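Novice:
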Amino acid sequence: MASAAALPDGATLGVVAVGGVLGSLGRWAVGLAIPHEVGAFPWSTFVVNVTGAFAMGLLVAFLVDRPGVHRLARPFVGVGVLGGWTTFSALAVDAVQLGATHHVQLALLYVGATFLVGTLAVAAGMLGGRRVWPGP
Amino acid sequence: MTATHALLVALGAAVGAPLRLVVAHYARERLRAAPPAGTLVVNVVGSLVLGVLVGDAVGGSALALVGTGFCGALTTFSTLALELWEALDDDRPVAAAANLGLSLVLGLGAAALGYALAA
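Protein chains in written order, with the numbering used here: chain D, 58 to 193; chain X, 82 to 200.
#1: With a cut-off of 8 Å, does the C-beta of Ser142(X) fall near any C-beta of chain D?
#2: Are the Cβ atoms of Thr156(X) and Phe98(D) separated by less than 8 Å?
#3: Taking beta-carbon pairs under 9 Å, can you tell me which members of the region 74 to 90 of chain D lie near chain X?
#4: Can you list the alpha helix (DSSP H) stretches of 4 or more residues lying completely in the region 79 to 157 of chain D, in chain order?
#5: Does the distance from the C-beta atom of Leu64(D) to that of Val103(X) stay below 8 Å?
#6: Please state whether the Cβ-Cβ distance between Leu144(X) and Phe172(D) is less than 8 Å.
#7: Listing by chain order, which chain X residues have their CB less than 7 Å from the CB of Phe98(D)?
#8: In whole angstroms, give me the CA-to-CA distance for Val179(D) and Ala94(X).
#9: Taking its Cβ as the centre, do 16 or more other Cβ atoms sit within 10 Å of Ala59(D), making it buried, or is it exposed?
#10: Check whether the Cβ atoms of Gly80(D) and Val138(D) lie closer than 8 Å to each other.
And the structure:
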């Protein structure tokens, strides 16, 4: 086996960058549409993370057993767009800030709800995807 | 200025998203680590950096570029949630719990560390 390349190829990096820009601009726009006040539940980040997790489930269901799909489709959508649309850093920092401003219960609720609903959203996306695209 | 902020978010994301791929690729191909390792590394690093920015009350253009753009695109929740669900669905509850636990402890820990260092 040839030694694995240290870097992904340029085309993959390029589509991930473009997808990441599109997804991140979308996340930023959601943040503008749903302003976040300190001490309140961070709805905008919750919404992007849960919808992104659902879309990731859909994507994986769609790509299963589809060798004909372009090899850059998954990096573009999964790594780029959905990776840019969702975020972990805002989740972590918003939770820390809630805790630091004496909203510990809200911080726990926020983190717990994001992980619980987010993980179930992946499952729901996969189940929904398998119904829409029942595979060959 | 909204248009400028959009451009800065895009610039930060154009670096952060491919860097996440590079880290994941390196961890998987060179270090032979399980895929969640790469996700964990970018999420911890991005949380530390954003923690510093928010703790330091950085706002405006710098937050748009480095926070919303770079850290937001460097880190990911969709892949983490996929990893968690796949581990559960695959009957690997310990792997799911380990990934969740490490993400919470190290990710929130890094955010808290950055926040405390800068505040």
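In this text, a Cβ means the ideal position worked out from N, Cα and C, and glycines have one as well.
Given the structure is predicted, the values throughout are model-derived calculations rather than measurements.
Specialist: Well, looking at it:
#1: Not a single C-beta of chain D is nearer than 8 Å to the C-beta of Ser142(X).
#2: No, the pair does not count as a contact, with Cβ atoms beyond the cut-off.
#3: Within the region 74 to 90 of chain D, Ala74, Val75, Gly76, Gly77, Val78, Leu79, Gly80, Ser81, Leu82, Arg84, Trp85, Ala86, Gly88 and Leu89 place their CB atoms closer than 9 Å to a CB of chain X, listed in sequence order.
#4: As far as the region 79 to 157 of chain D is concerned, its whole alpha helix (DSSP H) runs of at least 4 residues are 100 to 120, 139 to 142 and 146 to 157.
#5: Yes, the Cβ-Cβ distance between Leu64(D) and Val103(X) is below 8 Å.
#6: Remark: C-beta atoms of Leu144(X) and Phe172(D) do not approach each other more closely than 8 Å.
#7: Those within 7 Å of Phe98(D) in chain X number zero; the least Cβ separation is about 16 Å.
#8: Rounded to whole angstroms, the gap between the alpha carbons of Val179(D) and Ala94(X) is 24 Å.
#9: Here the model assigns Ala59(D) a pLDDT of 46, short of 50, so the residue's position is not dependable and the matter cannot be decided.
#10: With a cutoff of 8 Å on beta-carbon distance, Gly80(D) and Val138(D) are scored as near each other.
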